[in-house]
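Each residue of the sequence shown is one higher than the one before, starting from 135 at the first, in the numbering used here.
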Amino acid sequence: MLNIVLFGAPGCGKGTQAQRLKEHYGIDHVSTGEVIRGHIARGTELGRSMESYIAQGRLAPDAIVIEMIAQYVAAHKEAAGCIFDGFPRTTVQAREFDGILAQHGLKIDTMIDIRVPEEELVRRILVRGKDSGRADDASEEVIRGRLEVYRRQTAIVSDYYAAQGKYASVNGTGTMEEVFARIVDVIDAIANS
135 MLNIVLFGAP GCGKGTQAQR LKEHYGIDHV STGEVIRGHI ARGTELGRSM
185 ESYIAQGRLA PDAIVIEMIA QYVAAHKEAA GCIFDGFPRT TVQAREFDGI
235 LAQHGLKIDT MIDIRVPEEE LVRRILVRGK DSGRADDASE EVIRGRLEVY
285 RRQTAIVSDY YAAQGKYASV NGTGTMEEVF ARIVDVIDAI ANS
């Protein structure tokens, strides 16, 4: 089983690359953002509790996100592997995640951090916001707030995986194909080691 944390700031291309990796390797793609937005669209209790966090560009509470992922892992432990996109977002989540995986005899093989300069991230998200209909993609103020939250609370998760020798950084600028090729090089090197 190949388990990958696909990491990076909002707008770095995680979702796009995760879909391509899913097809390329035949493994599952777990996007916590999509799961949460699905709950919001269905009007579930979880969705209602999450709406204000999303609208303000804030992170979802650890306990809720961890429980969602624990349920997913338990239901998909026989999969060929998973790409976790948007999780873990805090060091607390990363530690809990290791425990959840260990209960099923699983582990994270690598975290791949897609690095993109901030001004490019803002530009990409504003362009995406024209088509996505997401309120958190339409306001430059909210986008910059999300990037600040990412820097303060999420970027440090890379240190957690680096300390385990499971961190890799790739340049997220260039064409989708160029970025994809960089990510595949990292995964193939791990899979063949």
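Ideal placement from N, C-alpha and C gives every residue a C-beta, glycine not left out.
Closer than 6 Å by C-beta to residue i: which residues in its own chain qualify, once you throw out the five before and the five after it? Chain order, please.
| i | result |
| --- | --- |
| residue 256 | 277 |
| residue 214 | 160, 161 |
| residue 316 | 304 |
Pull the bridge partners of residue i from the DSSP assignment, please.
| i | result |
| --- | --- |
| residue 165 | 219 |
| residue 137 | 216 |
| residue 245 | 139, 301 |
Which residues in the same chain as residue i place their Cβ atom closer than 8 Å to its Cβ, once the five residues preceding and following it in sequence are excluded?
| i | result |
| --- | --- |
| residue 247 | 141, 142, 292, 301, 302, 303, 304 |
| residue 184 | 170, 173, 174, 194, 198 |
| residue 320 | 244, 246, 302, 304 |
What is the DSSP secondary structure of residue i, reduced to helix, strand or coil?
| i | result |
| --- | --- |
| residue 272 | coil |
| residue 174 | helix |
| residue 199 | helix |
| residue 240 | coil |
| residue 283 | helix |
| residue 304 | strand |
| residue 210 | coil |
| residue 205 | helix |
| residue 192 | coil |
| residue 317 | helix |
| residue 289 | coil |
| residue 261 | helix |
Going by C-alpha distance, which of the options is nearest residue i?
| i | options | result |
| --- | --- | --- |
| residue 212 | 297, 157, 137 | 137 |
| residue 268 | 190, 154, 239, 180 | 190 |
| residue 290 | 317, 233, 227, 154 | 227 |
| residue 240 | 210, 196, 182 | 210 |
| residue 285 | 263, 251, 313 | 251 |
Answer yes or no: do residue i and residue j have a C-beta to C-beta separation smaller than 8 Å?
| i | j | result |
| --- | --- | --- |
| residue 166 | residue 207 | no |
| residue 224 | residue 287 | yes |
| residue 188 | residue 270 | yes |
| residue 152 | residue 217 | yes |
| residue 220 | residue 148 | yes |
| residue 307 | residue 254 | yes |
| residue 145 | residue 258 | yes |
| residue 318 | residue 158 | yes |
| residue 260 | residue 282 | no |
| residue 272 | residue 263 | yes |
| residue 139 | residue 294 | no |
| residue 314 | residue 154 | yes |
By Cβ distance below 7 Å, which residues in the same chain neighbour residue i in space, the five residues on each side in sequence not counted?
| i | result |
| --- | --- |
| residue 230 | 200 |
| residue 192 | 283 |
| residue 196 | 224, 226, 227 |
| residue 312 | none |
| residue 325 | 136 |
Within the 8 Å Cβ cut-off, does residue i reach chain D?
| i | result |
| --- | --- |
| residue 265 | This model lacks chain D altogether, as it is built from one protein chain only. |
Going by the C-beta, is residue i closer than 7 Å to any heavy atom of the ligand MG?
| i | result |
| --- | --- |
| residue 205 | Among the ligands in the structure shown, none appear at all, so the ligand MG cannot be discussed. |
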